[in-house]
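Quick notes on the structure that follows.
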Amino acid sequence: MDVLVAAPLYGTFTYAWPFSDDPIVGQRVIVPWGRQKRVGLIHGLRAVVDGDTGSDYDLKAVERILDEGRLLSAQWRQLIEFAARYYHHPLGTVALESLPKALRVLNAKSEEPVMVEKARAHADRLAEHVHSEHDSPPMNEAPALNPAQSAAVAALVDARGFDPYLLYGVTGSGKTEVYLHAIAQRLRRGEQVLVLLPEINLTPPAMALYQKRLTGHRVVVMHSNLPELARTKAWFEVASGKADVLIGTRLGVLTPMPRLGFVVVDEEHDPSYKQQDGMRYQARDLALMLAKQRNCPVVLGSATPSLESWLKSEQSAYKRLDLTQRAVPGASLPTVELVNTANFPPKEGLSEPVIQALRENLDAGRQAIVFLNRRGYAPQLVCNACGWVANCEHCSAHMVWHKRDMSLRCHHCGAGQRVPQACVCCGNQDLSGFGRGTQRVEEVLEGLFPSARVLRLDADSTRNKGQMEDLLEKAHAGEVDILVGTQMISKGHDFANIGLVVALNVDASLYSHAYRAPERLFAQLMQVAGRAGRRAGSARMLVQTRYPQHPLFSALMAHDYVRFADSEMQGRREARMPPFSYQATLRADHRHLGNCIEFLRNAKAFGEAICAAEGTVFLCDPVPLSVVRVGGIERAQMLVESESRPSLHAFLNEWMNWLTAQKGAVKWFLEVDPVEL
Numbered sequence: 001m002d003v004l005v006a007a008p009l010y011g012t013f014t015y016a017w018p019f020s021d022d023p024i025v026g027q028r029v030i031v032p033w034g035r036q037k038r039v040g041l042i043h044g045l046r047a048v049v050d051g052d053t054g055s056d057y058d059l060k061a062v063e064r065i066l067d068e069g070r071l072l073s074a075q076w077r078q079l080i081e082f083a084a085r086y087y088h089h090p091l092g093t094v095a096l097e098s099l100p101k102a103l104r105v106l107n108a109k110s111e112e113p114v115m116v117e118k119a120r121a122h123a124d125r126l127a128e129h130v131h132s133e134h135d136s137p138p139m140n141e142a143p144a145l146n147p148a149q150s151a152a153v154a155a156l157v158d159a160r161g162f163d164p165y166l167l168y169g170v171t172g173s174g175k176t177e178v179y180l181h182a183i184a185q186r187l188r189r190g191e192q193v194l195v196l197l198p199e200i201n202l203t204p205p206a207m208a209l210y211q212k213r214l215t216g217h218r219v220v221v222m223h224s225n226l227p228e229l230a231r232t233k234a235w236f237e238v239a240s241g242k243a244d245v246l247i248g249t250r251l252g253v254l255t256p257m258p259r260l261g262f263v264v265v266d267e268e269h270d271p272s273y274k275q276q277d278g279m280r281y282q283a284r285d286l287a288l289m290l291a292k293q294r295n296c297p298v299v300l301g302s303a304t305p306s307l308e309s310w311l312k313s314e315q316s317a318y319k320r321l322d323l324t325q326r327a328v329p330g331a332s333l334p335t336v337e338l339v340n341t342a343n344f345p346p347k348e349g350l351s352e353p354v355i356q357a358l359r360e361n362l363d364a365g366r367q368a369i370v371f372l373n374r375r376g377y378a379p380q381l382v383c384n385a386c387g388w389v390a391n392c393e394h395c396s397a398h399m400v401w402h403k404r405d406m407s408l409r410c411h412h413c414g415a416g417q418r419v420p421q422a423c424v425c426c427g428n429q430d431l432s433g434f435g436r437g438t439q440r441v442e443e444v445l446e447g448l449f450p451s452a453r454v455l456r457l458d459a460d461s462t463r464n465k466g467q468m469e470d471l472l473e474k475a476h477a478g479e480v481d482i483l484v485g486t487q488m489i490s491k492g493h494d495f496a497n498i499g500l501v502v503a504l505n506v507d508a509s510l511y512s513h514a515y516r517a518p519e520r521l522f523a524q525l526m527q528v529a530g531r532a533g534r535r536a537g538s539a540r541m542l543v544q545t546r547y548p549q550h551p552l553f554s555a556l557m558a559h560d561y562v563r564f565a566d567s568e569m570q571g572r573r574e575a576r577m578p579p580f581s582y583q584a585t586l587r588a589d590h591r592h593l594g595n596c597i598e599f600l601r602n603a604k605a606f607g608e609a610i611c612a613a614e615g616t617v618f619l620c621d622p623v624p625l626s627v628v629r630v631g632g633i634e635r636a637q638m639l640v641e642s643e644s645r646p647s648l649h650a651f652l653n654e655w656m657n658w659l660t661a662q663k664g665a666v667k668w669f670l671e672v673d674p675v676e677l
């Protein structure tokens with residue numbers, strides 16, 4: 001029989017079946033793997049018995065059956081097979097790594113971890129949560145919908161079969177209410193619902209809201225930061241059909257759901273949906289394929305849709321549902337103002353108009369957000385005498401100064417060290433930070449407004465379990481006057497009393513070499529602006545920039561995503577960039593950059609021989625990555641482009657035969673539909 005094993009090898013592995021009971025596709029088994037034992041999945045059956053191989057060697061036999069295989073259905077395997085095929089990744093790795101660790105890694109002391117039995121028993125104890133129209137209670141405390149919301153809900157409830165929708169709604173327009181009302185109707189039909197969120201920090205408030213509103217239904221959450229037992233329990237609840245709603249990050253899309261009838265992808269534009277290691281999949285795109293395979297509706301929601309999704313809606317491949325007004329009566333979008341830093345040079349990062357606006361906002365009893373997408377105290381620590389800069393020993397990057405614990409940290413490899421008392425080159429003790437991060441802005445604000453309660457929300461302040469929830473609770477309770485944060489605060493949070501938003505250090509993305517940078521910047525600014533004015537009363541947003549004439553800001557000031565999308569789309573169309581072309585990147589890693597470049601040049605030469613006849617695929621020259629060295633490893637990549645998706649994948653299929661045959665110390669990674677270039 002054919003067995004899948006989590007190994008960087010393509011194809012399946014054949015084992016003999018020594019048991020009297022017939023094998024079942026989808027069963028987890030234990031198989032010998034060299035001198036080890038590994039968990040495998042039965043993928044296919046053959047009429048082979050122990051010792052009868054038709055070859056010169058005997059087959060190794062499956063050693064133990066771990067389960068009956070009913071949870072890993074043919075529907076789940078169909079999605080896994082598509083993902084492996086589309087992203088050109090080993091099927092065994094895709095299948096096994098989509099499972100909780102407890103289901104795919106053997107315990108050192110026992111072949112079946114106790115954790116699995118606890119999780120399975122937990123799911124078995126749950127009462128069935130399959131409801132009909134007659135026994136499902138109404139939603140708790142559901143606010144009244146406006147006409148646009150009601151129309152969107154009606155469309156989603158009436159949808160039958162595979163039907164992709166783009167819910168395009170301004171920030172604060174009540175997209176979550178649309179989801180909840182549509183989900184409630186779906187649950188009455190006995191369907192399961194998958195709700196995807198882009199980041200872990202958005203799951204606690206979503207979980208609390210969905211549990212509160214969808215009474216009588218089992219709602220579970222799943223993400224990579226859950227304790228392993230909690231994740232395994234949630235997996236069994238969902239896979240057995242006992243949970244009704246799964247709220248998850250991108251890994252949720254690969255979870256078996258036997259009664260799946262509706263899929264929601266919130267903030268569908270967010271780059272966090274793209275996995276950055278292992279199989280580099282796009283969860284939004286897999287959610288669309290999942291809905292297609294399961295023949296059910298899927299809704300993608302955003303105030304700033306990705307250009308890929310926007311083009312689909314323009315071409316009528318997606319049905320668009322528009323929410324053009326804020327849901328709360330009297331609420332309005334904030335007035336956006338630009339502060340030209342040529343006229344008002346910032347002092348300690350803040351210009352005089354920004355300081356004055358913050359002072360007025362505090363006097364009015366309103367809360368403010370100061371958005372800076374750079375954590376730490378300062379991006380660089382420098383010597384004012386000789387110009388020495390604290391660089392990471394393992395990466396081609398500067399160490400970031402974190403003043404609170406007097407440490408230097410590399411945000412690429414994670415290396416850290418104490419701040420030196422003197423310059424390591426000249427001995428000068430006059431070391432200072434160059435540039436500003438959220439910690440430094442927090443310190444400046446505390447000095448400017450000593451009576452204000454300033455709170456910082458970034459990856460450093462929320463590092464420990466429960467910190468994120470505690471900080472957000474303080475903000476929602478009105479115990480914070482100024483909230484300083486990174487992109488963490490730019491989406492998904494419904495703050496009631498934000499009267500002012502300030503955006504700092506936005507210019508770097510305006511003229512970045514990364515073609516997606518303006519799209520991401522516009523989305524970030526629109527999203528963080530949307531935290532203000534969500535209740536009655538006026539609100540403002542101030543953006544510090546040296547380039548107020550940039551067309552991006554014209555669209556931002558008008559809250560006009562359509563204007564920005566049309567302009568950006570025209571540039572992409574002329575340059576034949578996505579969504580008007582299709583891309584893949586081949587990355588090579590080695591301790592010596594020359595080896596990476598040589599490997600990629602050889603790969604290009606072979607690739608050009610493949611596509612010479614058709615000429616529909618173009619291979620660019622290899623280039624080092626912008627941060628070339630991370631963790632002592634040099635990195636380079638090569639871009640592959642085509643205006644035809646089938647042509648690109650036909651090329652990649654043949655190219656992969658050459659790549660997988662290469663032996664040597666260079667590690668390579670293929671990424672389809674890259675978002676970081």
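Residue numbers are given in UniProt numbering: position 389 of the sequence shown equals residue 389, and the series is strictly consecutive.
Beta carbons: idealized from backbone N, C-alpha and C, even for Gly.
Going by Cα to Cα distance, which pick from the options is closest to residue i?
i           : options                : result
E348        : A6, T12, M115, V441    : V441
R104        : Y511, L72, E654        : L72
P305        : L670, Q524, L586, R635 : Q524
V170        : R463, P205, A558, P100 : A558
residue 678 : A605, D430, S512, H269 : No information on residue 678 is available, as it lies outside the stretch 1 to 677 that the chain covers here.
S313        : V675, P164, R189, E111 : P164
Y547        : Y511, R572, A422, V528 : Y511
G92         : G40, R125, D405        : G40
A239        : A584, M488, F618, R218 : R218
R46         : D22, E68, V29          : D22
Taking the C-alpha atoms as reference points, what is the distance between residue i and residue j?
i    : j    : result
D50  : W17  : In this prediction, D50 has a pLDDT of 47, which is less than 50 and means its spatial position is unreliable; what the coordinates show is noted afterwards. Near 6 Å, if we compare the C-alpha coordinates of W17 and D50.
M207 : A342 : 45 Å
R635 : F669 : 11 Å
P622 : A605 : 11 Å
L187 : T438 : 43 Å
E97  : R77  : 13 Å
E460 : I80  : The amino acid occupying residue 460 in the given sequence is Asp; Glu does not appear at that position. For D460 and I80, the distance between alpha carbons rounds to 35 Å.
M222 : N428 : 51 Å
V31  : G248 : 31 Å
E133 : Q149 : Low confidence applies to E133: its pLDDT is 44, below 50, so where it sits in the model is not reliable, and the reading given next is rough at best. Their Cα atoms are separated by approximately 22 Å.
G190 : R572 : 43 Å
Y87  : R120 : 31 Å
P147 : V178 : 11 Å
Q276 : F599 : 22 Å
A7   : G174 : 45 Å
G216 : L180 : 14 Å
How close, in whole Å, do the beta carbons of residue i and residue j come, if the pair is a contact with beta carbons under 8 Å?
i    : j    : result
C296 : V263 : 7 Å
C426 : C386 : 4 Å
L504 : M526 : Not really, about 16 Å apart at Cβ, beyond 8 Å.
L500 : N361 : 4 Å
Q637 : L593 : Wrong, their Cβ atoms sit about 12 Å apart, outside the cutoff.
I597 : L448 : That pair is no contact at about 50 Å.
G3   : V29  : Checking the sequence, you will find Val at residue 3 rather than Gly. About 7 Å separates the two Cβ atoms, so the contact holds.
G414 : A378 : Actually they do not touch by this definition, with Cβ atoms about 18 Å apart.
Between the beta-carbon of residue i and the beta-carbon of residue j, is there less than 8 Å?
i           : j    : result
L307        : M569 : yes
R320        : Y168 : yes
N201        : M468 : yes
residue 753 : P205 : A query on residue 753 cannot be resolved here, the shown segment of the chain reaching from 1 to 677 and no further.
F82         : M257 : no
I482        : L457 : no
R64         : E111 : yes
I498        : A532 : yes
A331        : A536 : yes
V424        : W401 : no
Q417        : L408 : yes
Look up residue i in the DSSP assignment and give the residues it is bridged to.
i    : result
M526 : Answer is none; M526 lacks a bridge partner.
A588 : A636, W668
G40  : V5, V29
D163 : P297
C386 : DSSP, once it has assigned bridges, lists no residue as partnering C386.
A16  : A61
M541 : V336, V501
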